[in-house]
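Colleague: In this note's numbering, the protein residues as written are 12 to 343. Built from N, CA and C at the ideal position, the CB exists for glycine as well. Dumping the structure here so I can ask a few things about it.
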Amino acid sequence: MSSPTVVLLPGDGVGPEVAREARLVLELVAPDVAVEERLIGAAAIRAAGDPLPGETLAACRDATAVLKGPVGDPEFDAADVRPEQGLLRLRGALDAYANLRPSVWGDVDLLVVRELVGGLYFGASGVRDDGTVFDTCEYHPSQVERVARRAFALAQTRRGALTSIDKANVLETSRMWRRVVNEIAPEFPDVSVEHMLVDNAAMQLATTPQQFDVIVTENMFGDILSDLAAAVTGGLGLAPSASLSDSGPGIFEPVHGSAPDIAGRGIANPTAMLRSTALLLEHGLGRTAEAQALVRAVEHALATSPTSDLGGSASTAEFGAVVREQLALTTA
Ligand code: IPM
Ligand code: MG
Numbered sequence: 012m013s014s015p016t017v018v019l020l021p022g023d024g025v026g027p028e029v030a031r032e033a034r035l036v037l038e039l040v041a042p043d044v045a046v047e048e049r050l051i052g053a054a055a056i057r058a059a060g061d062p063l064p065g066e067t068l069a070a071c072r073d074a075t076a077v078l079k080g081p082v083g084d085p086e087f088d089a090a091d092v093r094p095e096q097g098l099l100r101l102r103g104a105l106d107a108y109a110n111l112r113p114s115v116w117g118d119v120d121l122l123v124v125r126e127l128v129g130g131l132y133f134g135a136s137g138v139r140d141d142g143t144v145f146d147t148c149e150y151h152p153s154q155v156e157r158v159a160r161r162a163f164a165l166a167q168t169r170r171g172a173l174t175s176i177d178k179a180n181v182l183e184t185s186r187m188w189r190r191v192v193n194e195i196a197p198e199f200p201d202v203s204v205e206h207m208l209v210d211n212a213a214m215q216l217a218t219t220p221q222q223f224d225v226i227v228t229e230n231m232f233g234d235i236l237s238d239l240a241a242a243v244t245g246g247l248g249l250a251p252s253a254s255l256s257d258s259g260p261g262i263f264e265p266v267h268g269s270a271p272d273i274a275g276r277g278i279a280n281p282t283a284m285l286r287s288t289a290l291l292l293e294h295g296l297g298r299t300a301e302a303q304a305l306v307r308a309v310e311h312a313l314a315t316s317p318t319s320d321l322g323g324s325a326s327t328a329e330f331g332a333v334v335r336e337q338l339a340l341t342t343a
């Protein structure tokens, strides 16, 4: 078998700064893996006029896994061609439908499974003649089925409790979502299922996040609730994600955005990017021991050398160096 390839997409804002640390870590723990950098987002619009150039997509399709920094730049907020479109197109093209967003903090250990390639972010949108603007939310039952199956299977490996979040008191798509989840439930008799309305779920997450094991929800609810889950478990700087398909390469990326307010200052917390690298090692390359070593090394750096968002003074590069020193010590 040829050696694995990781396509690294540094992205925008703090992306290149945190991606550099991820690259150095990968080179240390997986020296046989070829890392190829490509452009996405605002950087790609500036260089090629396209937030997902054909060359980037082709490299991602051929890769074993994709490691991606955040995208987004206020310069393009009102533009027709926007950085985020590159990310949505990449997720769609790789059919990376199951987005795993774990949050572990104190007595909280929850996993948001967000449907990633359907719903409002992928539905028809436009402007009518009278000026009305619309976005549409559509789901086919098969899209719900496959992500729900993933979530059930993940719950089986954890505490066996699945919470499906929807807005079934209002939305047609949510009523179908609920029905499909209930239909699948008997296949997983060891998993308990609870349905929760999204507004209530937001309150429960903010007040008693300990109650959740695995959450499964549609694209936009998952986008919003995963930021909330990150906020109550140490902040966005810590939250990683894995976006998996059934066959092709997965995309591993932090939950946070490009943080243009602190970009270029070398102070961004690289934890979410490094934890995404650990998810890549585990789910993308099947290297569980290296993934665990990295997770522990990041814990060590968080405890001894935190960045300024966590009240410390370490720079992005200093934090990364502590992680690598610890890795060298523990994996030597
Ligand atoms: C995320 C981000 C993206 C999303 C944006 C940048 C399109 O917020 O990964 O959560 O909404 O999916
Ligand atoms: Mg988001």
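Any chance you could list the beta strand (DSSP E) runs of at least 3 consecutive residues sitting entirely within the region 201-232, in chain order?
Modeller: Listed in chain order, the complete beta strand (DSSP E) runs (minimum 3 residues) inside the region 201-232 are 203-208, 225-228.
Colleague: Return yes when at least one heavy atom of ligand 1 lies under 8 Å from the C-beta of Gly268, else no.
Modeller: For the purposes of this step, residue 268 is identified with residue 257 of the sequence shown, where counting begins at 1. For ligand 1, at least one heavy atom lies less than 8 Å from the Cβ of Gly268.
Colleague: With distances taken from CA atoms, which of Ser269, Ser287, Val158 is nearest Glu86?
Modeller: Counting from one through the sequence shown, the residue named residue 86 turns up at place 75. Looking at the Cα atoms, Ser269 is the closest of the given residues.
Colleague: Between which two residues does the alpha helix (DSSP H) holding Ile278 run?
Modeller: As a first step, residue 278 must be located in the sequence shown, where it is residue number 267. Per DSSP, Ile278 belongs to no alpha helix (DSSP H) and is neither H nor E.
Colleague: Which residues have a Cβ closer than 5 Å to any heavy atom of ligand 1, listed in chain order?
Modeller: Taken from the N-terminal end onward, the list reads Glu95, Asp234.
Colleague: By DSSP, does Asn110 sit in helix, in strand, or in coil?
Modeller: Within the sequence shown, residue 110 is the residue found at index 99, counting from 1. Asn110: strand per DSSP, three-state reduction.
Colleague: Quick one: what does DSSP say Ser326 is sitting in, helix, strand or coil?
Modeller: Locating residue 326 in the sequence shown gives position 315, counting from the first residue. Three-state DSSP puts Ser326 in coil, outside helix and strand.
Colleague: So which of Thr67, His206, Ser324, Pro281 has the shortest CA-CA distance to Arg310?
Modeller: Here residue 310 refers to the residue found at position 299 of the sequence shown. In the sequence as displayed, the identity of residue 310 is Glu instead of Arg. Ranking Thr67, His206, Ser324, Pro281 by Cα distance to Glu310 puts Pro281 first.
Colleague: Could you round the C-beta distance between Lys63 and Gly97 to whole angstroms and report it? I think they count as a contact, below 8 Å.
Modeller: Walking along the sequence shown from the start, residue 63 turns up at place 52. Walking along the sequence shown from the start, residue 97 turns up at place 86. Correcting the residue type first, residue 63 is Leu in the shown sequence and not Lys. The pair is a contact, with the Cβ atoms about 4 Å apart (cut-off 8 Å).
Colleague: What does Asp120 pair with, by DSSP beta-bridge criteria?
Modeller: Here residue 120 corresponds to residue number 109 of the sequence shown, with the count starting at 1. Val115, per the DSSP bridge assignment.
Colleague: Hey, could you find the ends of the alpha helix (DSSP H) Thr288 is sitting in?
Modeller: For the purposes of this step, residue 288 is identified with residue 277 of the sequence shown, where counting begins at 1. Element bounds for Thr288: 282-290.
Colleague: Of all the options Pro265, Pro260, Gly233, which has the alpha carbon lying nearest to the alpha carbon of Gly248?
Modeller: By 1-based counting over the sequence shown, the position of residue 248 is 237. Looking at the Cα atoms, Pro265 is the closest of the given residues.
Colleague: Report the option in Arg307, Leu285, Val334 whose CA atom is closest to the CA atom of Leu19.
Modeller: Translated into the one-based positions of the sequence shown, residue 19 becomes position 8. The shortest C-alpha separation from Leu19 is found at Leu285.
Colleague: Take the Cβ of Met214 as the centre, count every other Cβ of all protein chains shown within 10 Å, and call the residue buried at 16 or more, exposed below.
Modeller: To locate residue 214, count along the sequence shown from 1; it is residue 203. With fewer than 16 Cβ atoms within 10 Å of its Cβ, Met214 is classed as exposed.
Colleague: Label Ala314 either buried or exposed according to how many other C-beta atoms from any shown protein chain fall within 10 Å of its C-beta, with 16 as the threshold for buried.
Modeller: On the sequence shown, position 303 is the one that residue 314 refers to. By the 10 Å Cβ count, Ala314 comes out exposed.
Colleague: Report, in whole angstroms, the separation of the C-beta atoms of Leu292 and Ala253, which I expect to be a contact under 8 Å.
Modeller: Taking the sequence shown and counting its residues from 1, one reaches residue 292 at position 281. Taking the sequence shown and counting its residues from 1, one reaches residue 253 at position 242. That belief does not hold up - the Cβ atoms of Leu292 and Ala253 are roughly 11 Å apart, past 8 Å.
Colleague: Compute the beta-carbon to beta-carbon distance between Pro94 and Gly83, rounded to the nearest angstrom, for a pair I have assumed lies under 8 Å.
Modeller: Here residue 94 refers to the residue found at position 83 when the sequence shown is read from its first residue. Here residue 83 refers to the residue found at position 72 when the sequence shown is read from its first residue. Pro94 to Gly83, Cβ: 5 Å. Contact.
Colleague: Need the endpoints of the alpha helix (DSSP H) that Val309 sits in, please.
Modeller: On the sequence shown, position 298 is the one that residue 309 refers to. Note, Val309: alpha helix (DSSP H), 299-315.
Colleague: Please state whether the Cβ-Cβ distance between Asp257 and Arg186 is less than 9 Å.
Modeller: Within the sequence shown, numbered from 1, the residue matching residue 257 stands at position 246. Within the sequence shown, numbered from 1, the residue matching residue 186 stands at position 175. Not closer than 9 Å, so no.
Colleague: Can you tell me where the beta strand (DSSP E) holding Asp7 begins and where it ends?
Modeller: A question about residue 7 goes unanswered here, because the residues of the chain that appear run from 12 up to 343.
Colleague: Residue ranges of each beta strand (DSSP E) run of no fewer than 3 residues wholly in the region 126-177, ordered along the chain?
Modeller: Those beta strand (DSSP E) runs which fall completely within the region 126-177 and span 3+ residues are 136-138, 144-146, 172-177.
Colleague: Could you say which of Val138, Lys178, Gly130 lies nearest to Tyr150 if we only look at CA atoms?
Modeller: By one-based count along the sequence shown, residue 150 stands at place 139. Ranking Val138, Lys178, Gly130 by Cα distance to Tyr150 puts Gly130 first.
Colleague: Leu35 to Ala164, Cα distance in whole Å?
Modeller: Residue numbering aside, residue 35 sits at position 24 when the sequence shown is read from its first letter. Residue numbering aside, residue 164 sits at position 153 when the sequence shown is read from its first letter. Taking the straight line from one Cα to the other gives about 33 Å.
Colleague: Can we count Ser237 as close to ligand 2, meaning its CB is less than 8 Å from some heavy atom?
Modeller: Residue 237 sits at position 226 when you count from the first residue of the sequence shown. The answer is yes for Ser237.
Colleague: Between the alpha carbons of Glu301 and Asp140, how many angstroms are there, rounded?
Modeller: Taking the first residue of the sequence shown as position 1, residue 301 is located at position 290. Taking the first residue of the sequence shown as position 1, residue 140 is located at position 129. Approximately 56 Å between the Cα atoms of the pair.
Colleague: For the beta strand (DSSP E) that Glu264 lies in, which residues bound it at each end?
Modeller: Taking the sequence shown and counting its residues from 1, the one referred to as residue 264 is at position 253. Residues 261-265.
Colleague: In terms of residue numbering, what span does the beta strand (DSSP E) encompassing Glu48 cover?
Modeller: Looking up residue 48 in the sequence shown gives position 37. That run of the beta strand (DSSP E) goes 45-48.
Colleague: Kindly confirm or deny that the region 45-52 and the region 227-245 touch, where touching means at least three C-beta pairs closer than 8 Å.
Modeller: Segments in contact, no.
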